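Comments concern the structure below.
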Amino acid sequence: MIWRGLLLVWIAGWIAAAFLWAPLVPVLGETTRVLYFHIPAAWVTVLALAWSMLHSALYLAKRDLRHDDHAAAAAELGLLFCVVATASGSLWAKAMWGSYWNWDPRETSIFFLLLIYAAYLALRSSIDQEERRARLAAVYSVVAFVAVPFLIFVVPRIYFTLHPDPLINPRGRVDMDPRIRVVFFALLAGFTGLFYWVLGLRVRVARLERRLQSDLEAT
Amino acid sequence: MSGGNVVMGVALLTWGLLFYYLVRIERRVKELEKR
Numbered sequence: 001m002i003w004r005g006l007l008l009v010w011i012a013g014w015i016a017a018a019f020l021w022a023p024l025v026p027v028l029g030e031t032t033r034v035l036y037f038h039i040p041a042a043w044v045t046v047l048a049l050a051w052s053m054l055h056s057a058l059y060l061a062k063r064d065l066r067h068d069d070h071a072a073a074a075a076e077l078g079l080l081f082c083v084v085a086t087a088s089g090s091l092w093a094k095a096m097w098g099s100y101w102n103w104d105p106r107e108t109s110i111f112f113l114l115l116i117y118a119a120y121l122a123l124r125s126s127i128d129q130e131e132r133r134a135r136l137a138a139v140y141s142v143v144a145f146v147a148v149p150f151l152i153f154v155v156p157r158i159y160f161t162l163h164p165d166p167l168i169n170p171r172g173r174v175d176m177d178p179r180i181r182v183v184f185f186a187l188l189a190g191f192t193g194l195f196y197w198v199l200g201l202r203v204r205v206a207r208l209e210r211r212l213q214s215d216l217e218a219t
Numbered sequence: 220m221s222g223g224n225v226v227m228g229v230a231l232l233t234w235g236l237l238f239y240y241l242v243r244i245e246r247r248v249k250e251l252e253k254r
């Protein structure tokens with residue numbers, strides 16, 4: 001329980017630092033603070049989808065349903081964080097570019113990611129038989145993840161984009177004010193901790209659901 | 220009170236409520252696991 005308390009203080013402290021300590025980027029003004037939530041949400045999306053793909057591959061190799069629990073939970077959370085990244089980005093776009101949606105390469109990429117992983121959850125919900133659902137979802141997840149690095153890292157670097165340079169720019173450097181960088185990476189770590197906490201909870205709920213199902217079938 | 224402080228307050232309150240909600244879920248999950 002101690003690390004949860006630390007996570008509470010860590011995220012709360014760095015949220016306060018984002019408002020009271022880190023400077024504003026002149027071009028971005030007050031909207032600078034969106035940076036601390038938008039990019040960590042996008043980072044957790046990629047992490048969650050990679051976690052889902054990894055456990056899908058492990059399920060296909062070992063046929064252990066515990067890997068399927070991890071794959072499904074991570075995909076759900078990946079989609080949730082993807083929605084957070086899309087919504088925060090859309091509000092930011094309205095403030096900076098004058099429109100909520102501009103079909104910028106990154107916006108188009110995240111739109112496709114939303115569709116791909118919404119289809120993953122639709123696939124899961126359409127199959128009742130547990131082993132079959134796990135097997136088909138695992139194959140889908142592994143194939144779907146091929147699109148993730150392409151959509152997130154390749155497409156925005158090929159086409160003209162309204163977005164600023166990627167976090168690590170082509171010169172291999174992170175061009176940020178030192179205080180902004182500290183707050184940003186601290187909240188990135190905080191979001192990652194939050195993801196693993198919720199993931200663990202979701203996996204435990206999935207196991208309880210399976211236990212309940214088998215108890216019901218036994219009676 | 221400036222607009223920035225209001226937004227910070229809302230962000231902190233949201234995080235606090237989310238944290239409380241997750242802790243409650245965790246307690247409930249633990250109870251169910253013990254049964």
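Chains as they are written, first to last, in this note's numbering: chain A, 1 to 219; chain B, 220 to 254.
The beta-carbon is built from N, C-alpha and C at its ideal position, and this holds for glycine as well.
Since the model is a prediction, treat every value here as computed from it, not as a measurement.
Beta carbon of residue i nearer than 8 Å to that of residue j
i: residue 73 (chain A); j: residue 218 (chain A); result: no
i: residue 95 (chain A); j: residue 120 (chain A); result: no
i: residue 134 (chain A); j: residue 79 (chain A); result: no
i: residue 47 (chain A); j: residue 184 (chain A); result: no
i: residue 14 (chain A); j: residue 187 (chain A); result: yes
i: residue 77 (chain A); j: residue 155 (chain A); result: no
i: residue 177 (chain A); j: residue 26 (chain A); result: no
i: residue 41 (chain A); j: residue 227 (chain B); result: no
i: residue 201 (chain A); j: residue 250 (chain B); result: no
i: residue 69 (chain A); j: residue 163 (chain A); result: no
i: residue 90 (chain A); j: residue 37 (chain A); result: no
i: residue 85 (chain A); j: residue 45 (chain A); result: yes
i: residue 235 (chain B); j: residue 19 (chain A); result: no
i: residue 142 (chain A); j: residue 56 (chain A); result: yes
i: residue 208 (chain A); j: residue 248 (chain B); result: yes
i: residue 144 (chain A); j: residue 116 (chain A); result: yes
i: residue 210 (chain A); j: residue 242 (chain B); result: no
i: residue 214 (chain A); j: residue 152 (chain A); result: no
i: residue 252 (chain B); j: residue 63 (chain A); result: no
i: residue 2 (chain A); j: residue 190 (chain A); result: no
i: residue 75 (chain A); j: residue 52 (chain A); result: yes
is_contact[residue i, chain A] using C-beta, thresh 8 Å
i: residue 242 (chain B); result: yes
Chain B residues whose Cβ lies nearer than 8 Å to that of residue i
i: residue 208 (chain A); result: 248, 251 and 252
i: residue 204 (chain A); result: 248 and 252
i: residue 198 (chain A); result: 241
Neighbour list for residue i in chain A, Cβ cutoff strictly below 8 Å
i: residue 231 (chain B); result: 12, 15 and 16
Within-8 Å CB hit, residue i to chain B
i: residue 4 (chain A); result: yes
i: residue 217 (chain A); result: no
i: residue 142 (chain A); result: no
i: residue 43 (chain A); result: no
i: residue 76 (chain A); result: no
i: residue 19 (chain A); result: yes
i: residue 131 (chain A); result: no
i: residue 277 (chain A); result: Residue 277 (chain A) lies beyond the residue range present for chain A, which begins at 1 and ends at 219; the question has no answer from this structure.
Neighbouring residues, chain B, relative to residue i (Cβ below 9 Å)
i: residue 201 (chain A); result: 241, 244, 245 and 248
First and last residue of the uninterrupted alpha helix (DSSP H) at residue i
i: residue 46 (chain A); result: 35-62
i: residue 189 (chain A); result: 178-218
i: residue 117 (chain A); result: 105-125
i: residue 232 (chain B); result: 222-253
i: residue 140 (chain A); result: 130-145
i: residue 83 (chain A); result: 65-97
i: residue 151 (chain A); result: Premise fails: residue 151 (chain A) is in no alpha helix (DSSP H) and is neither H nor E.
i: residue 5 (chain A); result: 2-20
Beta-carbon neighbours of residue i, restricted to chain B and to distances below 7 Å
i: residue 8 (chain A); result: 238
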